[in-house]
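Going line by line, the protein sequences match chains A and B.
Per my numbering, the first sequence runs over residues 72 to 266.
Per my numbering, the second sequence runs over residues 72 to 266.
There are 2 protein chains.
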Amino acid sequence: MIYPSCITEIYAHPGISDADLESIFRAHEKVFFHKGDLILTEGQLSNAYYCLEKGLVRAFARNIDGKDITTGFISKNEIVIEVASLFLRQPTKENIQALSDCDCWMIGYEAFQELFERIEGFTEWGRTWMSRALLANKQRSLSMITDSATNRYLRLRGEQPEVLQVAPLKHIASYLGVTDSSLSRIRKEVAQTGR
Amino acid sequence: MIYPSCITEIYAHPGISDADLESIFRAHEKVFFHKGDLILTEGQLSNAYYCLEKGLVRAFARNIDGKDITTGFISKNEIVIEVASLFLRQPTKENIQALSDCDCWMIGYEAFQELFERIEGFTEWGRTWMSRALLANKQRSLSMITDSATNRYLRLRGEQPEVLQVAPLKHIASYLGVTDSSLSRIRKEVAQTGR
DNA sequence: AAAACTACTTGCCCTAAGGCAAGAAATCAA
DNA sequence: TTGATTTCTTGCCTTAGGGCAAGTAGTTTT
Chain A
72 MIYPSCITEI YAHPGISDAD LESIFRAHEK VFFHKGDLIL TEGQLSNAYY
122 CLEKGLVRAF ARNIDGKDIT TGFISKNEIV IEVASLFLRQ PTKENIQALS
172 DCDCWMIGYE AFQELFERIE GFTEWGRTWM SRALLANKQR SLSMITDSAT
222 NRYLRLRGEQ PEVLQVAPLK HIASYLGVTD SSLSRIRKEV AQTGR
Chain B
72 MIYPSCITEI YAHPGISDAD LESIFRAHEK VFFHKGDLIL TEGQLSNAYY
122 CLEKGLVRAF ARNIDGKDIT TGFISKNEIV IEVASLFLRQ PTKENIQALS
172 DCDCWMIGYE AFQELFERIE GFTEWGRTWM SRALLANKQR SLSMITDSAT
222 NRYLRLRGEQ PEVLQVAPLK HIASYLGVTD SSLSRIRKEV AQTGR
């Protein structure tokens, strides 16, 4: 059986057999979002996550002044999820928004729990996914401390080039921890000098 | 049965029964570290984690110039762990070091895996722990973007006051993302003004 | 085809924090 | 107990990036 690329990419794991993958896939349901749609809003309890087949998504939180800070971009074949709300069963402080039209495969909390109990390798897969997420997050914190804004920009360009094409400058700026004016200058400088 | 406080604190979870806790505790073994000891060194494969009964520990990574950056402090009743190495089975890029003499309860990878397979609630506990870790990490990244150095200092003082007593200024400074001269000035200013 | 947004750039000036270096104070080593 | 090595503070100057505001382009809306 042929699955969408996001399913095979996301659930690729030695402990997950073809039969497992079929059960897992069956637990998902196709959903769409339009550019600008909020997939999750602060205060809500998250009840599902989404495998992103097409599109670009961002997560953002609000600081004290109500200004929104983009905390992450989610690209094709990645998982759109708010771990804290979904697994700790508490209202989220984050918002998740589609930055372009998106095609997703959704799986609800109940269905997920069921797989978690039933499929041996699924638990293992989950732990691996969490470990990777934790690692990525740590590297981001490190980068905020040790790299210049320009280097953080270049790193983002290396890792998620789509973001620079699709997301508006202000979201990229807040993600990188600079103002939009600064990012505008950084971008100019990068374009001028050796690239 | 009475367990060390770090064991009861760390493994407190609705899915873990008294009987479970006993099995879990039995899988641990007491170990000590002296001030300055490296508990884990970059390049090594982590094969255990440690429940910290007494003492203070830091994790640090090296930046390109070889300067070490403290990435976290671990206090009493918390887990000393390098998730990426332990669960992804890859050599670590982080170092973990005792900042004071430490008493720990260690559990090896094999014993952990065994509990993971045998005890129902242990898996759930693990997912909860990871979710919390992820949340804490995200908040740290956010704080690096939105808070001033002074506010980050005050937040650390609120959350882990022991750190300010035990860790040398340079480690605290690199953790907060400032130079030690800057932290020295921040500290002075905080002491002078309203606290 | 105006009007009204939103996205982006640029200029002017300002500020938080860094770089460097000297020195005091505390801790460790022999 | 006397060096030697860290740890911490402080001064002087520099710099990356912020605040604000004006202005140009695009895009939507009507």
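We put the beta carbon where it would ideally sit given N, CA and C, even for glycine.
According to the DSSP assignment, B/R129 belongs to no alpha helix (DSSP H) but to the beta strand (DSSP E) extending over 128–133. For A/Y82, there is no enclosing beta strand (DSSP E), as DSSP marks it with neither H nor E. Contact with chain A is found for B/T217, since one of that chain's Cβ atoms lies less than 8 Å from the residue's Cβ. Residue state for B/L111 is assigned as strand, using DSSP reduced to three classes. A direct Cα-to-Cα measurement between A/A220 and A/S212 gives close to 13 Å. Taking CB atoms only, A/V128 has no neighbour in chain B less than 8 Å away. In summary, the residues of the region 188–217 of chain A whose CB is separated from some CB of chain B by less than 8 Å are T194, G197, R198, T199, M201, S202, R203, A204, L205, L206, N208, K209, R211, S212, L213, M215, I216, T217, in the order they occur in the chain. Between B/Q184 and the set B/S202, B/M215, B/D218, B/S94, the nearest pair of CA atoms involves B/S94. From the beta-carbon of B/I243, no residue of chain A is found nearer than 8 Å; the closest lies around 13 Å away. The secondary-structure analysis by DSSP pairs A/K101 across a beta bridge with A/W176. Listed along the chain, the chain A residues whose CB falls inside 7 Å of the CB of B/F158 are R198, T199, S202. Three or more beta-carbon pairs drawn from the region 157–171 of chain A and the region 125–144 of chain A are found closer than 8 Å, and the two stretches are therefore classed as touching.
Per the DSSP secondary-structure output, B/I140 pairs in a beta bridge with B/A132.
Look at A/T142: its C-beta is under 8 Å from a C-beta on chain B. By the Cβ neighbour-count rule, B/H99 is buried, with 16 or more other Cβ atoms within 10 Å of its own. Taking 7 Å as the cut-off between beta carbons, the residues of the region 148–172 of chain B near chain A are V154, A155, F158, L159, in sequence order. Pairing B/G192 with B/D91 gives a Cβ-Cβ distance under 8 Å. Rounded to whole angstroms, the gap between the alpha carbons of A/Y224 and B/K147 is 38 Å.
A Cβ-Cβ contact shorter than 8 Å links A/I216 with B/G248. When only Cα atoms are considered, A/K138 and B/W200 end up about 30 Å apart. B/A244 sits in a helix when the DSSP states are folded into three classes. Scanning the region 196–260 of chain A for uninterrupted beta strand (DSSP E) segments of 3 residues or longer gives nothing; none is fully contained. The C-alpha of B/L170 is placed about 14 Å away from the C-alpha of B/P232. The Cβ of A/N134 sits closer than 8 Å to at least one Cβ of chain B. Taking all protein chains in view, the Cβ of B/F103 is surrounded by fewer than 16 other Cβ atoms within 10 Å, so the residue is classified as exposed. Sixteen is the threshold: when 16 or more other Cβ atoms of the shown chains lie within 10 Å of the Cβ of A/S117, as they do, the residue is buried.
DSSP, read as helix, strand or coil, puts A/Q161 in coil.
The contact set of A/G248 on chain B, defined by CB atoms closer than 8 Å, consists of M215, I216 in chain order. For A/L92, DSSP assigns no beta-bridge partner whatsoever. For B/L123, the three-state secondary structure derived from DSSP is strand. As the crow flies, the alpha-carbon of B/E124 is around 18 Å from that of B/E230. Take A/Y180, set aside five residues on each side of it, and the residues of its chain with a beta-carbon closer than 7 Å to its own are N118, A119, L157, in chain order. Using a 10 angstroms sphere on the CB of A/T250, the tally of other CB atoms stays under 16, which defines it as exposed. Excluding its 5 nearest sequence neighbours in each direction, A/I81 has C-beta neighbours in its own chain below 7 Å: C122, N148, I150, listed in chain order.
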